[in-house]
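Protein chains: 2
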Amino acid sequence: MSGTIAGLGEFGLIARIAARLRRPAEGVLLGIGDDTAVLDMGGPRLTLATVDMQVEGRHFLRERTPPELLGRRVAAVNLSDIAAMGGTPRWALVSLALPASLPVTWVDAFYEGLDALLGAHGAAVVGGNLAGNDRIVADLTLLGDVERGALLTRGGARLGDLICVTGTLGRSAAGRAALDADPTAEDAAAIRAHLAPEPRVREGQVLAAAGGVTAMIDLSDGLAGDLAHICTRSDMGARIETALLPVAADTHRIALRLGLDPLRLALSGGEDFELLFTAPAARVERLRAAVFAATGSAVTVIGEVRPAEEGRRLIGAPDRETPPGGWDHFQRERQGEAR
Amino acid sequence: MSGTIAGLGEFGLIARIAARLRRPAEGVLLGIGDDTAVLDMGGPRLTLATVDMQVEGRHFLRERTPPELLGRRVAAVNLSDIAAMGGTPRWALVSLALPASLPVTWVDAFYEGLDALLGAHGAAVVGGNLAGNDRIVADLTLLGDVERGALLTRGGARLGDLICVTGTLGRSAAGRAALDADPTAEDAAAIRAHLAPEPRVREGQVLAAAGGVTAMIDLSDGLAGDLAHICTRSDMGARIETALLPVAADTHRIALRLGLDPLRLALSGGEDFELLFTAPAARVERLRAAVFAATGSAVTVIGEVRPAEEGRRLIGAPDRETPPGGWDHFQRERQGEAR
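Residue numbers (my numbering), protein chains in the order written: chain A, 1 to 339; chain B, 1001 to 1339.
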């Protein structure tokens, strides 16, 4: 395994690529290493550009994923990246590799789901590319924009800031587990959270406009992994109070029924597509009120930004001082997993 | 096959998708159906966005394609799309699906080739995405920009305009054929044209700046297919003089040796990545001189824009009044081909 991608891991490989390619380039405010590039095209707003690829057999199984939902998922992952910057999604390019034997109605339904979610957030498909392949590969590039003053990134968290999260944690992972087992009617909301996640675009915009947020990221890999990105970029540590983590009743119920640890679902279940952000304590109440008024979404304080030397600590779970890591795509591959 | 993608074909599928998705969207000057989207972000220049996916076993074979050359190819295909609009390439997002067993040095070499060609044209990688997969999939999104007045598209060819092409035709296909057979030292330039094509970025900019060009496209599918795009978008026909087609001496030599038809290579060999454009006769000499002075590239007049009702006619090849079609990825797939 030495010298292979599996040996290096996803984040190791990204760091290696970034180190090779990072060079000054005109108009690039934020480049490789973030989920979203920030570009200055000389206009009144900054341009955001993000891309995400979904591979059949790796990120989804064709027989278990209706094409509308795959289209929605591809849109959601990218919309969530734009949301994390406080941006407005605008234009999408869709690159698809498709088997020639695929029914045309599959393609119709895929675009139906994709376009419905993009359209709900004001974005539209403006181009793309088609290729043949034995497996479906869907790669979406999403462009957005943001006011120059309103951009939020992973860096910027300050000592003493509170750590906050929108919505609830672990529900997507609970929904996935319920689907894998024997789902009941009570699991519908959790299953929907997994199959048709709702990116927090409006929440991100409200947080950016309200002022006071110091760092933000969307929760795609799981709280543990994504919090680590904020800490690294901000050169800070963090203390998370497990008792404060917002875990929904249905998530607890599914975990109990299937013998899963709800805390683990919340910390590293992944794909919640909620927003994780930091802000000074004095601003949090106002931010919470603004998000609730505009969207109905809850904001929960779950911890505090600490000095870098304290690392990331989880309070209330003594056997887990260090939060377990987030998803690593290549490590997952070694375990032969597929969702 | 009825109801499948193979039955509909690539261009049929694109038309179907475009018909479903085409709706007014803010800031979109040119959307689905062109190789490159043209977006108005409110700045001094228009934004260009294009994407192209290369799939292992379909567009390339891993054991025959050194990773540097694959990186260059991915860059070249997209640079050529920006060149066709007269644009300046700026920022690239790279989405890669990679087998975990792939050596890290493969990834290094891929980015080496990609970045070298992007950098030679003033563009830089600003972000991307990594996924696991058993086959390599490389999807590149390239953003560029162009002065508002200088944008060139496929539409706009006018009756009586001359049809012109940069460089030579069929050389990439000849190089591919030579590689498949038993290449000799004399084939080196043709093989290089196939493995490491040079997109005509500077030529496109010079043509756009000189004024007078009415329509332009890059030759990725082959002259026959790409000329059809200009004719359709411009609602015009075309007459091509086969005797005028610029076919290089090495292309003729390889064709002769391997029993291939040089005319077929020139018309539908594909991947020449030259620029095909139309302009009034009175402007052509000035355009030719400007391109030659700035780049050393030749410009050859190969025919004339005719009324739509005359269709596309090939003069000097009596048994082929209608040019053979260009590449169709899904039709090719049915033949089980892979390059």
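Note that the Cβ used here is the ideal one computed from N, Cα and C, for glycine as well.
Selection B:ARG1253, B:ALA1255, B:ASP1221 and B:ALA1215 evaluated against MET1236 of chain B yields B:ALA1215 as nearest (Cα-Cα).
At a C-beta separation below 8 Å, GLY1003 of chain B has these neighbours in chain A: PRO103, VAL104 and THR105. Residues of chain B with a Cβ closer than 8 Å to the Cβ of LEU245 of chain A do not exist; the shortest Cβ-Cβ separation is about 28 Å. At least one CB of chain B lies nearer than 8 Å to the CB of ARG45 of chain A. Between the segment 1122-1138 of chain B and the segment 1156-1176 of chain B there are fewer than three inter-stretch CB-CB distances shorter than 8 Å, so the stretches are not counted as touching.
Taking all protein chains in view, the Cβ of SER101 of chain A is surrounded by fewer than 16 other Cβ atoms within 10 Å, so the residue is classified as exposed.
For PRO24 of chain A, the closest C-alpha among the options B:ASP1052, B:THR1251 and B:TRP1091 is that of B:TRP1091. Inclusion of ASP34 of chain A and ARG154 of chain A in the CB contact set at 8 Å is warranted, their separation being smaller than that value.
With a threshold of 8 Å between beta carbons, ASP145 of chain A makes contact with chain B. Here GLU1056 of chain B is buried: its Cβ has 16 or more other Cβ atoms, across all protein chains shown, within 10 Å. VAL1247 of chain B sits close to THR1168 of chain B, with the two beta carbons spaced by under 8 Å.
Residues ILE32 of the same chain have their beta carbon placed closer than 7 Å to that of LEU21 of chain A, with the five preceding and five following residues left out of the count. Annotation: PRO1103 of chain B is outside any alpha helix (DSSP H) and is labelled neither H nor E by DSSP.
Note that the C-beta distance between GLY87 of chain A and ASP40 of chain A is not below 8 Å.
THR4 of chain A and ALA1181 of chain B have their C-alpha atoms spaced approximately 33 Å apart.
When rounded, the separation of the alpha-carbon atoms in ALA1224 of chain B and ASP1139 of chain B is 26 Å.
Taking 4 residues as the minimum length, the alpha helix (DSSP H) runs contained wholly in the segment 1276-1302 of chain B are 1281-1295, in order along the chain.
At a cut-off of 8 Å between beta-carbon atoms, VAL74 of chain A makes no contact with chain B. If you look at GLU203 of chain A, you'll find it in the alpha helix (DSSP H) that goes 201-210.
Counting along the chain, the unbroken alpha helix (DSSP H) around GLU10 of chain A starts and ends at 10-21.
If you compare the alpha carbons of A:GLY127, A:LEU118, A:ILE230 and A:THR141 with that of ASN1129 of chain B, the shortest gap goes to A:THR141. In the three-state reduction of the DSSP assignment, VAL1077 of chain B falls in the helix class.
Around the beta carbon of GLU1271 of chain B, 16 or more other beta carbons lie within 10 angstroms, which makes this residue buried. When rounded, the separation of the alpha-carbon atoms in ASP1221 of chain B and GLY1269 of chain B is 8 Å. Under a 10 Å Cβ-count criterion, ALA281 of chain A is classified as exposed, with fewer than 16 other Cβ atoms of the shown protein chains found around its own Cβ. Rounded to the nearest angstrom, the gap between the Cα atoms of GLY127 of chain A and ALA1178 of chain B is 35 Å. In this structure, the CA atom of THR166 of chain A is about 5 Å from the CA atom of LEU275 of chain A. Sequence-distant Cβ neighbours of PRO99 of chain A in its own chain, meaning closer than 8 Å and more than five residues away, are GLY132, ASN133, ASP134, ARG135 and ILE136. Non-local beta-carbon contacts of THR278 of chain A in its own chain, meaning distances under 6 Å to residues more than five positions away in sequence, involve ALA157, ASP161, ILE163, THR214, ALA215 and VAL305 in chain order.
Counting C-beta atoms within 10 angstroms of its own C-beta, GLU1285 of chain B has fewer than 16 neighbours from the protein chains shown and is therefore classed as exposed. Per the C-alpha coordinates, the member of B:LEU1008, B:GLY1071 and B:ASP1108 positioned closest to ILE14 of chain A is B:ASP1108. Counting along the chain, ALA266 of chain A sits inside no beta strand (DSSP E); it lies in the alpha helix (DSSP H) bounded by residues 262-268.
DSSP places ILE1254 of chain B inside the alpha helix (DSSP H), whose first and last residues are 1249-1258. Under the 8 Å criterion on CB atoms, LEU1169 of chain B is classed as non-interfacial with respect to chain A. As the crow flies, the alpha-carbon of ALA1150 of chain B is around 12 Å from that of ALA1083 of chain B. None of the residues of the segment 200-233 of chain A has a beta carbon lying less than 7 Å from any beta carbon of chain B.
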